[in-house]
Amino acid sequence: MKTLFSIVALFAAFSSQASGTWIQNTKVTDVRWYDHNGGHGYITTENNSNPECPNAKTGTHRYFSNTGNNTQSIISLGLSAMLSDKTVNILVEGCHDSLHSKVKGIVINR
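If you count by mature numbering (1 follows the signal peptide of the UniProt record, and there is no 0), then the sequence shown holds residues -18 to -1, 1 to 92, one letter each, in order.
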């Protein structure tokens, strides 16, 4: 029950985001973490759109950094989705150095 409540609370938090764009039903193909410059990582997806970063080169890499409290959750959910071959919805908001959309949330689909 506690796990179900956590999942519902997490989904509600993502759903209430006023800004950002959801990338729907894509698969995670790679998760990377680099422990330099404060720590940052990338999630690679099959979908190559950059709705929040229009001047970026077409790419499938989504950026996230260690500045928020969600880094471990993003890594865990990305790896879980990739290893279980499930699709995800990824919330992206803004650009990182005009090249990659920033990941703000991730939800694994059934």
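Cβ coordinates follow ideal geometry from the N, Cα and C atoms, glycine included.
The model shown is predicted, which means the values in this text are computed figures rather than measured ones.
The region 31 to 40 and the region 52 to 65 do not touch, with fewer than three beta-carbon pairs separated by less than 8 Å. In the DSSP assignment, Ser31 falls outside any alpha helix (DSSP H) and carries neither an H nor an E. Shown here for Thr69: same chain residues with a beta carbon closer than 7 Å to its own, the five before and five after excluded, namely Asn7, Thr8, Lys9, Asn91 in chain order.
Pairing Asp12 with Tyr24, the inter-Cα distance amounts to about 8 Å. Taking every protein chain shown into account, the CB of Gly87 has 16 or more other CB atoms within 10 angstroms, so this residue is buried.
Under the three-state reduction of DSSP output, Thr11 falls in the strand class.
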